[in-house]
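A.B. asks: Just passing along the structure, written as structure tokens.
Numbering (the working numbering), first residue to last: 1245 to 1540.
As structure tokens, this is what we get:
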């Protein structure tokens, strides 16, 4: 039995930078993060252990310094927070800033903004709160509810599947053939890399384990992508979620992880799987081989 790591998996630079900034700010003085810095409970609990508070409403903030999460926030939210006399630190991922600028440009150029993403997601709220008029779509049914506009400007939540985004852009163009449809691709490169690597991984494995937060959109997208090519895909947050029966009769087990999953969590999951495989095989000394997909 082999354990194969995806070529691209785990934390992206935006998440690593946000965590580093939070720890730096916490060393300088009391800090409250407005929401979950990233969608991973292991990371959030580690930050709390360092004395960093988390508040989901401004009224709950008891420190002078507050941090905006890696998912970003609208200019309206930032201005309202500063108006309360609070010192605002932005941990917004640079690629989310790219998406903000793209959406603002579409609106400025007279296009009706259409965001492909999850309406209630914190990133999507940040992308849309400064707009007077907009729509958010996630599937064809949502597109069928759109009103016609002379100009439609499309952008996406940065962690959406690029395949879904391209499909919906094409569907919108077919739905409104008389409209001027402009699409700006704002799906981030780390998401694309992990999606492509997960696709390749799933094609070669009997079982795929996807590691990431339960409320992590990019992790759920990895699960969806892998499920198209592998019939045994399991989403876990930590090694405690693993089940021994998943690995019976598996020749190759694939490992991938969302962009907010810490390296140490990935390593613990792999160690746990190795132990379960040894138990199932009745082995004592032999260890399953662990390879990276790029090495094969």
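Every residue, glycine too, gets a C-beta built ideally from N, C-alpha and C.
May I ask which residues mark the beginning and end of the beta strand (DSSP E) holding residue 1331?
C.D. replies: Here residue 1331 is taken as the residue at index 87 of the chain shown, counted from 1. Its beta strand (DSSP E) spans residues 1331-1334.
A.B. asks: Residue 1501 lies in the alpha helix (DSSP H); which residues open and close that run?
C.D. replies: As a working note, residue 1501 is residue 257 in the chain shown. Element bounds for residue 1501: not the alpha helix (DSSP H) but the beta strand (DSSP E), 1496-1501.
A.B. asks: Got a sec? Which residues, its chain only, sit under 7 Å from residue 1480 by beta carbon, not counting five neighbours each side?
C.D. replies: What you label residue 1480 is simply residue 236 of the chain shown in a count that begins at 1. 1453, 1455, 1486 and 1513, listed in sequence order.
A.B. asks: Expressed to the nearest angstrom, what Euclidean distance is found between the alpha-carbon atoms of residue 1361 and residue 1279?
C.D. replies: By one-based count along the chain shown, residue 1361 stands at place 117. By one-based count along the chain shown, residue 1279 stands at place 35. In a straight line, the C-alpha of residue 1361 is about 19 Å away from that of residue 1279.
A.B. asks: Excluding sequence positions up to five away, which residues of its chain have a Cβ less than 8 Å from the Cβ of residue 1418?
C.D. replies: Here residue 1418 refers to the residue found at position 174 when the chain shown is read from its first residue. Around residue 1418: no qualifying Cβ.
A.B. asks: Among residues of its own chain, excluding the 5 on either side of residue 1446, which ones have a beta-carbon nearer than 6 Å to its beta-carbon?
C.D. replies: For this step, residue 1446 is matched to residue 202 along the chain shown. The residues are 1452, 1470, 1473 and 1474.
A.B. asks: Can you tell me which of 1263, 1421 and 1444 puts its alpha carbon nearest to the alpha carbon of residue 1311?
C.D. replies: By 1-based counting over the chain shown, the position of residue 1311 is 67. With distances taken between Cα atoms, residue 1311 lies closest to 1263.
A.B. asks: Looking at C-alpha atoms only, which residue of 1384, 1273, 1507 and 1378 is the closest neighbour of residue 1399?
C.D. replies: Locating residue 1399 in the chain shown gives position 155, where the first residue counts as 1. Answer by Cα proximity: 1378.
A.B. asks: In the structure shown, what three-state DSSP assignment does residue 1328 receive?
C.D. replies: The sequence position of residue 1328 within the chain shown is 84, counting from 1. Coil.
A.B. asks: Who are the Cβ neighbours of residue 1332 in its own chain at under 7 Å, not counting the five residues just before and after it?
C.D. replies: Here residue 1332 corresponds to residue number 88 of the chain shown, with the count starting at 1. Correct list, in chain order: 1310, 1312, 1322, 1325 and 1326.
A.B. asks: Three or more C-beta pairs closer than 8 Å, one from the stretch 1331-1351 and one from the stretch 1380-1390: is that the case here?
C.D. replies: With the cut-off at 8 Å, the stretch 1331-1351 and the stretch 1380-1390 do not touch.
A.B. asks: When DSSP labels each residue in this structure, what does residue 1379 get in the three-state scheme?
C.D. replies: Against the chain shown, residue 1379 aligns to sequence position 135. Residue 1379 falls in the strand class under three-state DSSP.
A.B. asks: Can you tell me the Cα-Cα spacing of residue 1516 and residue 1329, whole angstroms?
C.D. replies: Here residue 1516 refers to the residue found at position 272 of the chain shown. Here residue 1329 refers to the residue found at position 85 of the chain shown. When rounded, the distance between both Cα atoms is 48 Å.
A.B. asks: When DSSP labels each residue in this structure, what does residue 1482 get in the three-state scheme?
C.D. replies: For this step, residue 1482 is matched to residue 238 along the chain shown. Looking at residue 1482 - three-state DSSP - the assignment turns out to be coil, as it is neither helix nor strand.
A.B. asks: Just to confirm before moving on: does the CB-CB distance between residue 1441 and residue 1370 stay below 8 Å?
C.D. replies: The sequence position of residue 1441 within the chain shown is 197, counting from 1. The sequence position of residue 1370 within the chain shown is 126, counting from 1. No, these two residues do not count as a Cβ contact at 8 Å.
A.B. asks: Between the alpha carbons of residue 1255 and residue 1287, how many angstroms are there, rounded?
C.D. replies: What you label residue 1255 is simply residue 11 of the chain shown in a count that begins at 1. What you label residue 1287 is simply residue 43 of the chain shown in a count that begins at 1. Answer to the nearest angstrom: the Cα atoms are 11 Å apart.
A.B. asks: Tell me whether the beta-carbon of residue 1402 lies closer than 8 Å to the beta-carbon of residue 1435.
C.D. replies: The residue labelled residue 1402 in the question sits at position 158 within the chain shown. The residue labelled residue 1435 in the question sits at position 191 within the chain shown. Cβ atoms of residue 1402 and residue 1435: closer than 8 Å.
A.B. asks: So, under 8 Å CB-CB, residue 1247 and residue 1518 are touching, yes? Tell me the CB distance rounded to an integer number of Å.
C.D. replies: For the purposes of this step, residue 1247 is identified with residue 3 of the chain shown, where counting begins at 1. For the purposes of this step, residue 1518 is identified with residue 274 of the chain shown, where counting begins at 1. Right, the Cβ-Cβ distance comes to about 7 Å (below 8 Å), so this counts as a contact.
A.B. asks: Quick check: what's the CA-CA separation for residue 1363 versus residue 1412?
C.D. replies: Numbered from its first residue, the chain shown carries residue 1363 at position 119. Numbered from its first residue, the chain shown carries residue 1412 at position 168. Distance between the alpha carbons of residue 1363 and residue 1412: 15 Å.
A.B. asks: I need the boundaries of the alpha helix (DSSP H) containing residue 1458, first residue and last residue.
C.D. replies: Counted from its first residue, the chain shown places residue 1458 at position 214. Careful: residue 1458 lies outside any alpha helix (DSSP H) and carries neither H nor E.
A.B. asks: Name the one or two DSSP bridge partners that residue 1443 has.
C.D. replies: Position 199 of the chain shown, counted from the start, is the residue given in the question as residue 1443. BP columns for residue 1443 are empty, so no partner.
A.B. asks: Compute the distance between the beta-carbons of residue 1285 and residue 1297, then report whether it is under 8 Å.
C.D. replies: The residue given as residue 1285 occupies position 41 in the chain shown. The residue given as residue 1297 occupies position 53 in the chain shown. Not closer than 8 Å, so no.
A.B. asks: Whole angstroms are fine: how far does the CA of residue 1488 sit from the CA of residue 1393?
C.D. replies: Walking along the chain shown from the start, residue 1393 turns up at place 149. Walking along the chain shown from the start, residue 1488 turns up at place 244. In a straight line, the C-alpha of residue 1393 is about 54 Å away from that of residue 1488.
A.B. asks: Return the first residue and the last residue of the alpha helix (DSSP H) that residue 1258 is part of.
C.D. replies: Translated into the one-based positions of the chain shown, residue 1258 becomes position 14. 1257-1272 is the span of the alpha helix (DSSP H), which, as asked, contains residue 1258.
A.B. asks: Taking the Cβ atom as the reference point for each residue, do residue 1270 and residue 1295 lie within a distance shorter than 8 Å?
C.D. replies: Translated into positions along the chain shown, residue 1270 becomes position 26. Translated into positions along the chain shown, residue 1295 becomes position 51. A contact, by the Cβ cut-off of 8 Å.
A.B. asks: List in chain order: all unbroken alpha helix (DSSP H) runs of 4+ residues lying wholly within the stretch 1375-1428.
C.D. replies: Counting whole runs of 4 or more residues, the stretch 1375-1428 contains the alpha helix (DSSP H) stretches 1384-1388 and 1406-1419.
A.B. asks: Mind checking whether residue 1416 and residue 1387 have CB atoms under 8 Å apart?
C.D. replies: In the chain shown, residue 1416 corresponds to position 172, counting from 1. In the chain shown, residue 1387 corresponds to position 143, counting from 1. Cβ atoms of residue 1416 and residue 1387: closer than 8 Å.
A.B. asks: For the beta strand (DSSP E) that contains residue 1286, what are its first and last residues?
C.D. replies: Start at 1 with the first residue of the chain shown, and residue 1286 comes out as number 42. Run containing residue 1286: none in the beta strand (DSSP E); it sits in the alpha helix (DSSP H), 1285-1293.
A.B. asks: Round the Cβ separation of residue 1406 and residue 1448 to the nearest angstrom and send it over; I've been treating them as touching at under 8 Å.
C.D. replies: Here residue 1406 is taken as the residue at index 162 of the chain shown, counted from 1. Here residue 1448 is taken as the residue at index 204 of the chain shown, counted from 1. Not really, about 21 Å apart at Cβ, beyond 8 Å.
A.B. asks: Looking only at its own chain, which residues have a Cβ that is under 6 Å from the Cβ of residue 1376, when we skip the five neighbours before and after it?
C.D. replies: Position 132 of the chain shown holds residue 1376. Within the same chain, residue 1376 has no close Cβ partners at all.
A.B. asks: With distances taken Cα to Cα, identify the nearest neighbour of residue 1368 among 1251, 1503, 1431 and 1265.
C.D. replies: Position 124 of the chain shown, counted from the first residue, corresponds to residue 1368. Out of 1251, 1503, 1431 and 1265, 1431 has the C-alpha closest to the C-alpha of residue 1368.
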